[in-house]
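For what it's worth, full-length UniProt numbering labels the leading residue of the sequence shown as 1, then goes sequentially.
Since the structure comes first, as structure tokens, the remarks are kept for the end.
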Amino acid sequence: MRRVLVIGIGMGDPAALTLRAVEAINRADVFFFLDKGEAAAELIELREAILRTHRRAPWRSVTAASPKRSAESGYRAGVEAWHAARAEIFARLIDEEIAPDGVGAFLVWGDPMLYDSTLRVLDTARSVTAPGAPPFEVEVVPGICAIQALCAAHAIPLNGIGEPVEVTTGRRVAGATPEAPAFVALLDDGTGLRALIERGWAGRVWWGAYLGTPDEVLLAGPLAEVGEAILARRAEVRARKGWVMDVWLARADV
Numbered sequence: 001m002r003r004v005l006v007i008g009i010g011m012g013d014p015a016a017l018t019l020r021a022v023e024a025i026n027r028a029d030v031f032f033f034l035d036k037g038e039a040a041a042e043l044i045e046l047r048e049a050i051l052r053t054h055r056r057a058p059w060r061s062v063t064a065a066s067p068k069r070s071a072e073s074g075y076r077a078g079v080e081a082w083h084a085a086r087a088e089i090f091a092r093l094i095d096e097e098i099a100p101d102g103v104g105a106f107l108v109w110g111d112p113m114l115y116d117s118t119l120r121v122l123d124t125a126r127s128v129t130a131p132g133a134p135p136f137e138v139e140v141v142p143g144i145c146a147i148q149a150l151c152a153a154h155a156i157p158l159n160g161i162g163e164p165v166e167v168t169t170g171r172r173v174a175g176a177t178p179e180a181p182a183f184v185a186l187l188d189d190g191t192g193l194r195a196l197i198e199r200g201w202a203g204r205v206w207w208g209a210y211l212g213t214p215d216e217v218l219l220a221g222p223l224a225e226v227g228e229a230i231l232a233r234r235a236e237v238r239a240r241k242g243w244v245m246d247v248w249l250a251r252a253d254v
């Protein structure tokens with residue numbers, strides 16, 4: 001049966017891959033990349049650097065253009081339509097590029113279980129593969145996620161003693177401040193942190209961008225003191241590179 005590997009590759013540092021990820025990379029017959037445009041070309045280059053480091057034999061890769069996400073029909077409807085378009089692409093790649101007993105692989109930033117659509121899209125792709133095409137199995141290899149990398153970079157624990165932590169998105173923080181004493185915001189375009197600043201939220205923030213890469217940037221401190229600096233630094237590095245992947249942890253003063 002065809003097999004699709006979904007390999008968590010951490011935050012871009014080839015040295016941070018797990019042994020299981022390295023083993024999986026060396027089992028794959030073909031690697032699939034989605035091209036998100038010139039501004040994000042470095043994301044493919046970082047994946048190729050990981051392959052150059054850990055792949056013991058020549059490899060084959062296939063790149064497809066990533067569909068654009070529309071915001072015209074609302075957030076959830078736009079995401080669902082985007083996922084459906086990606087599923088069509090995934091199904092075509094699997095049908096055309098993986099032999100009946102072959103192995104294909106997607107290299108996923110961080111860990112595939114956390115705010116990444118690959119597994120969801122692959123589940124949909126099962127229903128849109130070509131008529132009569134052989135089925136495929138999905139195998140997931142976990143990786144170091146952004147939350148782990150952030151805490152390691154700042155040398156801090158994620159939670160307070162016996163306290164819960166909420167994992168959420170910048171969009172939700174912009175709508176309402178989480179009630180948990182500590183919360184992590186991913187996929188924040190800056191509006192979540194901006195909302196906390198404007199609400200006068202009292203607590204500390206640990207922020208990091210390009211974690212685990214030579215471009216890593218870290219800032220931390222009381223939100224009232226470092227919030228604006230984080231937003232300014234984020235805008236600066238995004239303008240320079242054309243893209244940014246960042247995450248932050250907030251812990252309320254008690």
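Even for Gly, the Cβ is constructed at its ideal location relative to N, Cα and C.
Predicted, not measured: the structure shown is a model, and the values here were computed from it.
ask   = Does the distance from the CB of residue 2 to the CB of residue 141 come in under 8 Å?
value = no
query = For the candidate residues 124, 87, 185 and 210, whose alpha-carbon lies nearest to that of residue 233?
reply = 210
query = Three-state secondary structure (DSSP) at residue 79?
reply = helix
message = Just list the residues that DSSP pairs residue 35 with in beta bridges.
response = 65
task = Pull up the DSSP beta-bridge partners for residue 220, would you.
result = 206
message = Could you check whether the segment 234-242 touches the segment 101-117, counting it as contact only if at least three pairs of C-beta atoms, one from each stretch, sit closer than 8 Å?
response = no
query = Just the Cα atoms here: how many angstroms apart are residue 255 and residue 45?
reply = There is simply no residue 255 to check, as the chain begins at 1 and stops at 254 in what is shown.
message = Given this structure, state the Cα-to-Cα distance separating residue 195 from residue 17, to the nearest angstrom.
response = 35 Å
ask   = What are the residues that DSSP puts in a beta bridge with residue 139?
value = 5
message = Quick check: what's the CA-CA separation for residue 134 versus residue 60?
response = 21 Å
message = Quick test of the definition: if touching needs 3 or more C-beta pairs under 8 Å, does the segment 143-157 touch the segment 172-179?
response = no
task = Under 6 Å Cβ to Cβ from residue 4, same chain only, skipping five residues before and after it: list those, please.
result = 104, 136 and 138
ask   = Where does residue 185 sit, in a helix, a strand or coil, going by DSSP?
value = strand
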